[in-house]
Amino acid sequence: MRRALRENSLGLVFGLLFLAVLVAQAFAGHADFNQRQLTAGFPPVSLGRYLTSASFASDVAENWQSEYLQFFLYIFLTVWLVQKGSPESKKPGEEGLESDREQMVGRYATEDSPGWAHASGLRRALLSNSLGLVMGLLFVGSWLAQSIAGAAAFNEQQLRDLQEPVTWAEYLTEPDFWNRTLQNWQSELLAVASMVILSIYLRQRGSPESKPVGSPHDTTGTEG
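This is the structure:
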């Protein structure tokens, strides 16, 4: 058990942090929602009612979709684009899909390789692109969930303001939708750009996201 916990500690800690923050968001969001309810002259709602509301679903999904967009773009763009000096980048000149030997597929697969690494055709293509494809699907799914929940929350406010509700397609053209969406996208893209560029000049000893402390600034694709 101790060995299993140690070998999976990174995923477990992030999973627990995620749950803790999600619970905290639920309580904070519930309090904020009820404050707005009272200000508008409506009765407060229970925590259970809030957790099943379009408002909570929209707030959660809009952050998820921006995170998965970040990973989807990063996974695919780092195949072809480089940043000299960053440990987050391939070395200049190594752009592209790499050879079967480097990727250990087909006749270069080892006994420990996944089964589909030995295959050819569609199965190998799916395994070769599975990470990016799943991240892309998670982005599309969470974006769709955000848009549907956001439309429901938007229409609740429309009815309170004695305005006509809108369809889902109409909501996709609303400034409210794109304001909520783009403010998350820009923050995630800024975070990635900051990590790529700052890791050229800054170090974190022992982290695989950083170069060794003594590495020259122009060393590319080397992790600590």
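Taking the working numbering, the leading residue of the sequence shown gets 184, the next gets one more, and so forth. Quick reminder that beta carbons are idealized off the backbone N, C-alpha and C, glycines included. It should be emphasised that the depicted structure is a prediction, and the values quoted were computed from it without experimental measurement.
| Item | Value |
| --- | --- |
| Which whole-angstrom value is the C-beta distance of V349 and F337, which I expect to be below 8 Å? | 7 Å |
| Does the beta-carbon of L184 have 16 or more other beta-carbons within 10 angstroms, so that it is buried, or is it exposed? | For clarity, residue 184 is Met in the given sequence; the question names Leu instead. Exposed, by the Cβ-count rule. |
| For L316, which three-state DSSP category applies? | helix |
| Starting from H213 and walking both ways along the alpha helix (DSSP H), at which residues does that stretch end? | 192-222 |
| Taking 8 Å as the cut-off, does the stretch 247-254 touch the stretch 362-379 (at least 3 CB pairs, one atom from each stretch)? | yes |
| Over the uninterrupted alpha helix (DSSP H) stretch that includes T356, give me the two end residues. | Taken as a continuous stretch (DSSP letters only), T356 belongs to no alpha helix (DSSP H), as it is neither H nor E. |
| Taking just the CA atoms, how far does Q220 sit from G231? | 16 Å |
| Can you tell which of A335, A332, S269, K274 has the C-alpha that lies nearest to the C-alpha of V396? | S269 |
| Taking A332 as the reference, give the member of F216, F259, F239 with the closest Cα. | F239 |
| Would you check if there are 3 or more beta carbon pairs closer than 8 Å linking the stretch 313-328 to the stretch 253-270? | yes |
| Within 10 angstroms of the Cβ of Q329, are there 16 or more other Cβ atoms? Answer buried if so, exposed if not. | buried |
| Under the assumption that E278 contacts W263 (Cβ atoms under 8 Å), give the Cβ distance between them as a whole number of angstroms. | 5 Å |
| Spatial neighbours of R284 within its chain, please: CB distance less than 7 Å, with the 5 preceding and 5 following residues excluded, ordered by chain position. | Y291 |
| So the candidates are R388, S390, F197, I383; which of them puts its Cα closest to the Cα of T402? | I383 |
| Here's the rule: buried if 16 or more other CB atoms are within 10 angstroms of the residue's CB, otherwise exposed. What is Q218? | exposed |
| Nearest to Q286 by CA position, among H301, N191, S272, is which residue? | H301 |
| Can you tell me where the alpha helix (DSSP H) with A240 in it begins and where it stops? | 237-263 |
| Can you tell me the Cα-Cα spacing of F360 and E294, whole angstroms? | 50 Å |
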